[in-house]
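To start, the structure itself, in C-alpha cells.
There are 2 protein chains.
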Amino acid sequence: MKQKSKTPMPPSLLESLVGYNLKRAYVIIENDFRATLSEFAMSPRVFSALTLIAQVPNLTQSDLSRRLGIERSGLVAIVDELEGNGYVRRVPVPRDRRVQALCPTPDGLTLYREAVRLVRAHEDRVLTMLGTEERAQLIGLLQKIRQCEQGDTA
Amino acid sequence: MKQKSKTPMPPSLLESLVGYNLKRAYVIIENDFRATLSEFAMSPRVFSALTLIAQVPNLTQSDLSRRLGIERSGLVAIVDELEGNGYVRRVPVPRDRRVQALCPTPDGLTLYREAVRLVRAHEDRVLTMLGTEERAQLIGLLQKIRQCEQGDTA
DNA sequence: TATTGTTATACTCTATAACTATA
DNA sequence: TATAGTTATAGAGTATAACAATA
C-alpha cells in the first residue's frame, strides 16, 4: 500500500501539451460545477442555455445553438427540460411562424439568479489557488484561443 | 441573410466564467486534434495512453488509469484498441500474476513518434495567437487548477 | 480482505440525416 | 430554395457495480 516513491514523476510529454492540461483542468471544474448545481439537477449546458435565455430577450433556438456552439437538434432536449420544469416558455413569433422565442418564466429568472450565486461561489472555490489577476489572465488566454472560431461568440 | 448587426454582443455572464471559457477552448483544440490524428484514427485518450506506455516502462493498467484520471474499466477498451492494432502488448508479470505490464511494440513506438510530431504541429497551429511565453503561462495556470487533484498527476 | 483486470450496463453529450412547416 | 424546429439514430466517453483470479 506504500506510495510508489520510486518513479520521480517523469514530466511526461502530456504535461507540456495545452490540450491535455485544458482537458484535465476542465474535468475538475466540471465535476465541481455538477456537484454545486446538483440540488437543481442542472447540467453545465442547461445552465448556459438558461443564462442566455435570461439575458437575451426573444432569443430563438437557432440563435442559442449558434451562441453555444452546438447543433440545433441538440438544443431541443435542453429547452424541453427547461420548459418541462417551468423555467422557460416557447413563445410563437407572429412575424415568422417558423420561429419560437425562448422566454424565461418568473420561476426561471429566480432559479437563474440563485444558480448564478452558486456558480460564482463554485468558481471561487475551485480557483482558490489563482489570484484575481491570474483568473483574468487565464480567461484572456482562453478567449484568444476561442477567437479563431468565427462569430458564434456568446 | 444579413448578419444581425443590432445586438452589440452583450458580454454574457458566461464569458466571465473560467469553466465556460475552458470548455469552449477545449472543444476547439479537441476538434483540431482529432482532425490532425484522423489518418491514424487515434482519439485523444488513446494518444495519451500510448504516450505514457511509450514513456513509462512496465506500466500496468491500474497505474495508467490513475495517471489518466479515468476508471480501470474504461481503460480496457483503450488497451484493446492499441493491442488489436499491434501497437501495445499485455505482458504477464511473474512477480504478481494479477498484473499485466503494458509494453509498446516497435510499430507502437514508431506510431508514437510520428503522432507526437503531428500533435506538436497541431498545437502550434491552433495556438498561433499565443506567443511562447503566453503558452507557458497558460499551462502554468491550468496546472495550478490541477494541483487540487491529489497524486494522479501524470 | 484487498487488488487487477474484466464484463455488463447505463447515462451524458454530441453529431448527422431526414422530416415538417413555414418562408 | 432555404430556414426553424424536430425526430431518430448512432457514436464517443465515462461511471458504477459485480465478478474471477490472485495476493
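Order-wise, the sequence lines are chains A and B. Per my numbering, the first sequence runs over residues 449 to 602. Per my numbering, the second sequence runs over residues 449 to 602. Idealized CB from N, CA, C, for every residue including glycine. Predicted, not measured: the structure shown is a model, and the values here were computed from it.
Beta-carbon gap between residue i and residue j smaller than 8 Å
i, j, result
"A/LEU550", "A/VAL527", "yes"
"A/LEU404", "A/THR484", "Residue coverage of chain A in this structure runs from 449 to 602, which leaves residue 404 of chain A outside it and unanswerable."
"B/SER513", "B/LEU523", "yes"
"A/ALA563", "A/PHE481", "no"
"A/ALA502", "A/LEU557", "yes"
"B/ILE518", "A/VAL466", "no"
"A/THR508", "A/VAL536", "no"
"A/LYS592", "B/MET577", "yes"
"A/PRO540", "A/GLN548", "yes"
"A/ASP511", "A/GLY534", "no"
"B/PHE488", "B/LEU559", "yes"
"A/LEU470", "B/LEU530", "no"
"B/ASN585", "A/GLN595", "According to the sequence as given, residue 585 of chain B is Gln; it is not Asn. No; because the gap between Cβ atoms is not below 8 Å, this pair is not in contact."
Residue i - DSSP class collapsed to helix/strand/coil
i, result
"A/ARG537", "strand"
"A/PRO492", "helix"
"A/LEU550", "strand"
"B/LEU578", "coil"
"A/ARG545", "coil"
"B/ASN506", "coil"
"A/LEU485", "coil"
"B/GLN585", "helix"
"A/GLU597", "coil"
"A/GLU571", "helix"
"A/LYS452", "Note that A/LYS452 scores 37 on pLDDT, short of 50, meaning its location in the model is unreliable and no value can be drawn from it."
"B/ALA602", "In this prediction, B/ALA602 has a pLDDT of 49, which is less than 50 and means its spatial position is unreliable; nothing more can be read from the coordinates."
Residue range of the alpha helix (DSSP H) that includes residue i
i, result
"B/LEU516", "509-516"
"A/LEU462", "No alpha helix (DSSP H) contains A/LEU462, which DSSP labels as neither H nor E."
"A/GLU519", "Neither: A/GLU519 is in no alpha helix (DSSP H) and is coded neither H nor E."
Task: Where the stretch 466-498 of chain B meets chain A: residues whose CB sits under 8 Å from a CB there - done: For the stretch 466-498 of chain B, which is checked against every Cβ of chain A, the residues closer than 8 Å are VAL466, GLY467, TYR468, ASN469, LEU470, LYS471, ARG472, ALA473, TYR474, VAL475, ILE476, ILE477, GLU478, PHE481, PRO492, SER496.
- [ ] Give the residues from the stretch 554-568 of chain B that approach chain A closer than 9 Å (Cβ to any Cβ), ordered along the chain.
- [x] The residues in question are VAL564, VAL567, ARG568.
- [ ] Below 8 Å between beta carbons is the criterion; list the residues of the stretch 577-602 of chain A that meet it against any residue of chain B, in chain order.
- [x] Hits within the stretch, in order: MET577, LEU578, GLU582, ARG583, GLN585, LEU586, ILE587, LEU589, LEU590, GLN591, LYS592, ILE593, ARG594, GLN595, CYS596, GLU597, GLY599, THR601, ALA602.
- [ ] Check each residue of the stretch 502-514 of chain A: if its Cβ is closer than 8 Å to any Cβ of chain B, include it; give the result in chain order.
- [x] Correct list: GLN503, VAL504.
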